[in-house]
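>
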Amino acid sequence: MKLSTGRKILFANVPADGHFNPLTSLAAHLLEEGYEIAWYCSELYEGKIRQLGIRFFPFREALDINVQNIDVLLPERSKKKGKIAQLNFDMQEFFIKRGPEYYRDLKAVYAEFPFDLLIADCAYMGIPYVKEKMNIPVLSIGIVPLVETSRQLPPMGLGLTPSNTFLGKLFHRFLRFLVLDFLFQPSFRLMHSLLEQHGIEHGNQYLFDMCISKSDLYLQSGTPGFEYERPDLSEQIRYIGPVLPLKKWKNREPWYDARLSSYNRVVLITQGTFEKDCSKLLEPAIEALKDSNCLLVVTTGGFGRDALLKKYSTPNIIIEDYIPFDEVLPYTDVYISNGGYGGVLLSIQHGVPMVVAGIHEGKSEINARVGYFGLGINLKTERPKPGKIRAAVEEILQQDSYRQRVKEMSREFMQYQPQALTALYVRELLLKNSLTINHKNNQHEKKSNKAAAAGSDYRI
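Now the structure itself:
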């Protein structure tokens, strides 16, 4: 009998495309392997989950904050000024406060679907509750750059790169104290308080480390070559290659435009599915290149397409809400993005150099790596000027070093099989858990037999 037979796995994620989409390829693969799969998350993804043939459990107690309702549920978010203020707000409202709500929901889910393993994105704050309160093993998927704090690196969230100098390292040490022990303390205090209310040990850990330490295994999307070197990597972290969304969706029509083959240069432009303000990146990028000899393929993520079509109607501009990137990138020469992790990994996989511009929602960390490893140009802003974008695109087209570096990284990506590696680690965890349960049962039986024997002696 296969180990997968009768084993139940529950997937869960923060309600955002970048947290949901990468997990779809893993869920589909494990379903094919014979596991019984269910998914607990926002109703925003119910259609896709059911399309996969997977049982769906919606949020009940958990507040469903997503891209469609964020302005209604969190109107004060737009008033937060500065990177630190916004990061604290997002950590508390999107992640930390939702943890106990997820836990209440998951107990109800377990009553209907007694899952043997939880697989969740790394930012999912239900992880410590499942691991510590429900005693169920957890496998986390790192769908953003590695978040673990390191004594050799600057603090996560500021988009800073490693330093090789004594003074630089000393400065980063000061920043770790300033950011982690002072600036983010409101968020960490809230997290620790909620965990304490449920009797969960936290060891004063930072939010960035909690979902790693509370996971049995942490599978990092990406490869060592796209991550900063660190001597203090936790033992439960494994690299599994780029975890990308499922490609073969039922009833999805392939996308193609004849213009892709009629232009010498193709530039793909996106600012993801979360950012609604087209004036941040889409409009400046179009303005920068609209008069060039490049074909511009622009995706809006569902926001502002009609307005952009009215404003830009020349033949060298294609504007759509959604386009499958894996069908466009084979034709693409430069990828312009605000730095979504999935898009960056997909661009690397296809050997396409990048121009990136984004700071919030963790984009600064992703974009810092793009620049640090020579995979493209990081403009280090939320609102780049058209001139800066055009200059960056021209440099990438003229300097072959960017494309060569991306191709090297792409070859490293090809050495990994994320779905197969995930299945391997799932089997490892389930087998280990089964052995632990059997050992505990045997110990309990031995104690019971000793007690019975002792009782018989006493009665005699």
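Using my numbering, read the sequence shown as starting at 3 and increasing by one per residue. Even for Gly, the Cβ is constructed at its ideal location relative to N, Cα and C. Keep in mind the model is a prediction, meaning the values are calculated, not measured.
Is it right to say N266 is buried, meaning 16 or more other beta carbons lie within 10 angstroms of its own, or is it exposed?
Indexing the sequence shown from 1 puts residue 266 at position 264. Exposed: under 16 other Cβ atoms inside 10 Å.
> For the alpha helix (DSSP H) containing D73, list its first residue and its last residue.
Looking up residue 73 in the sequence shown gives position 71. First-last of the alpha helix (DSSP H) with D73: 72-75.
> Kindly indicate the opening and closing residues of the alpha helix (DSSP H) around K10.
Along the sequence shown, read from residue 1 onward, the residue named residue 10 stands at position 8. First-last for K10: 10-14, but that is the beta strand (DSSP E), not the alpha helix (DSSP H).
> Hey, how far is the Cα of Y374 from the Cα of L262?
The count along the sequence shown starts at 1 and reaches residue 374 at position 372. The count along the sequence shown starts at 1 and reaches residue 262 at position 260. Distance between the alpha carbons of Y374 and L262: 30 Å.
> What does the alpha-carbon distance come out to for the pair L148 and Q222?
Taking the first residue of the sequence shown as 1, we reach residue 148 at position 146. Taking the first residue of the sequence shown as 1, we reach residue 222 at position 220. One C-alpha to the other measures close to 7 Å.
> Which one of Q273, L298, R413, V300 has the shortest CA to CA distance from E363?
For the purposes of this step, residue 363 is taken as the residue at position 361 of the sequence shown. Ranking the options by Cα distance to E363, first place goes to Q273.
> Report the option in P17, L119, G101 whose CA atom is closest to the CA atom of I72.
Looking up residue 72 in the sequence shown gives position 70. Ranking the options by Cα distance to I72, first place goes to P17.
> Flag this pair as yes or no: are the beta carbons of K133 and K216 separated by less than 8 Å?
As a position in the sequence shown, residue 133 is number 131, starting the count at 1. As a position in the sequence shown, residue 216 is number 214, starting the count at 1. In this structure, K133 sits near K216, with a CB-CB distance shorter than 8 Å.
> Identify the residues that DSSP records as bridge partners of V330: which are they?
Along the sequence shown, read from residue 1 onward, the residue named residue 330 stands at position 328. Bridge partners of V330: none, in fact.
> Based on the DSSP secondary-structure assignment, which residues constitute the bridge partners of R57?
Numbered from its first residue, the sequence shown carries residue 57 at position 55. Answer is A40, bridged to R57.
> Can you list the beta strand (DSSP E) stretches of 3 or more residues lying completely in the stretch 281-321, in chain order?
296-301
> Just checking my contact of P247 with I391 at CB under 8 Å: how many whole Å lie between their CB atoms?
Here the question's residue 247 lines up with position 245 in the sequence shown. Here the question's residue 391 lines up with position 389 in the sequence shown. So it is not a contact: roughly 27 Å between Cβ atoms.
> If you draw a straight line from the alpha carbon of I145 to that of C124, how long is it in whole angstroms?
Residue mapping note: residue 145 aligns to position 143 of the sequence shown, counting from 1. Residue mapping note: residue 124 aligns to position 122 of the sequence shown, counting from 1. Between the alpha carbons of I145 and C124 lies a gap of roughly 7 Å.
> Tell me the start and end of each unbroken alpha helix (DSSP H) in the stretch 364-444 that is at least 4 residues and wholly inside, in chain order.
365-374, 388-400, 402-415
> Does the beta-carbon distance from L12 to Y42 come in below 8 Å?
Taking the sequence shown and counting its residues from 1, one reaches residue 12 at position 10. Taking the sequence shown and counting its residues from 1, one reaches residue 42 at position 40. The answer is yes: Cβ separation under 8 Å.
> Assign I361 to one of three DSSP states: helix, strand, or coil.
Working through the sequence shown from its first residue, we reach residue 361 at position 359. Here I361 sits in coil by DSSP.
> Take every Cβ of the stretch 151-166, pair it with every Cβ of the stretch 62-79, and state whether three or more of those distances are shorter than 8 Å.
The stretch 151-166 and the stretch 62-79 do not touch, with fewer than 3 CB-CB distances between them shorter than 8 Å.
> Quick check: L155 and D218, are their CB atoms within less than 8 Å of each other?
Sequence index remark: in the sequence shown, residue 155 carries index 153 (1-based). Sequence index remark: in the sequence shown, residue 218 carries index 216 (1-based). Taking 8 Å as the Cβ cut-off, L155 and D218 do not qualify as a contacting pair.
> If we count the other Cβ atoms within 10 Å of its Cβ and call it buried at 16 or more, is A454 buried or exposed?
Indexing the sequence shown from 1 puts residue 454 at position 452. With a pLDDT of 46 at A454, under the threshold of 50, the modelled position of this residue cannot be trusted; read the value that follows with caution. By the neighbour-count rule (16 or more Cβ atoms within 10 Å), A454 is not buried but exposed.
> Could you please give me the residues that DSSP links to Y220 through a beta bridge?
Counted from its first residue, the sequence shown places residue 220 at position 218. Answer is S142, I239, bridged to Y220.
> I believe L423 touches I242 by the beta-carbon criterion, under 8 Å. Please report the beta-carbon distance rounded to the nearest angstrom.
Here residue 423 corresponds to residue number 421 of the sequence shown, with the count starting at 1. Here residue 242 corresponds to residue number 240 of the sequence shown, with the count starting at 1. Between I242 and L423 the Cβ distance is about 4 Å, and since that is below 8 Å, they are a contact.
> Rounded to whole angstroms, what is the Cα-Cα separation between L270 and V346?
As a first step, residue 270 must be located in the sequence shown, where it is residue number 268. As a first step, residue 346 must be located in the sequence shown, where it is residue number 344. Cα-Cα distance, rounded: 12 Å.
> For I98, which residues from the same chain have a beta carbon less than 8 Å from its beta carbon, with the 5 sequence-adjacent residues on both sides left out?
One-based indexing of the sequence shown puts residue 98 at position 96. Cβ neighbours of I98 beyond the five flanking positions: M127, S189, L192, M193, L196, L209.
> Going by the beta-carbon positions, is the gap between I202 and P130 smaller than 8 Å?
The residue given as residue 202 occupies position 200 in the sequence shown. The residue given as residue 130 occupies position 128 in the sequence shown. Closer than 8 Å, so yes.
> If you follow the beta strand (DSSP E) that A29 is in, where does it begin and where does it stop?
Position 27 of the sequence shown, counted from the start, is the residue given in the question as residue 29. Element bounds for A29: not the beta strand (DSSP E) but the alpha helix (DSSP H), 19-34.
> Between G55 and L33, is the Cβ-Cβ spacing less than 8 Å?
Locating residue 55 in the sequence shown gives position 53, where the first residue counts as 1. Locating residue 33 in the sequence shown gives position 31, where the first residue counts as 1. In this structure, L33 lies closer than 8 Å to G55 by Cβ.
> What is the C-beta distance between L120 and A29, in whole angstroms, given that I count them as a contact (C-beta under 8 Å)?
Along the sequence shown, one-based indexing puts residue 120 at 118. Along the sequence shown, one-based indexing puts residue 29 at 27. Not quite, the Cβ-Cβ distance comes to about 12 Å (not below 8 Å), so this is no contact.
> From D402 to L180, what does the alpha carbon distance come to, in whole angstroms?
To locate residue 402, count along the sequence shown from 1; it is residue 400. To locate residue 180, count along the sequence shown from 1; it is residue 178. Taking the straight line from one Cα to the other gives about 40 Å.
> Please report the distance separating the alpha-carbon of P326 from that of L169.
Looking up residue 326 in the sequence shown gives position 324. Looking up residue 169 in the sequence shown gives position 167. Going from the Cα of P326 to the Cα of L169 covers about 45 Å.
> In the DSSP assignment, what are the bridge partners of L119?
Taking the sequence shown and counting its residues from 1, the one referred to as residue 119 is at position 117. Looking at the DSSP assignment, L119 forms a beta bridge with I11.
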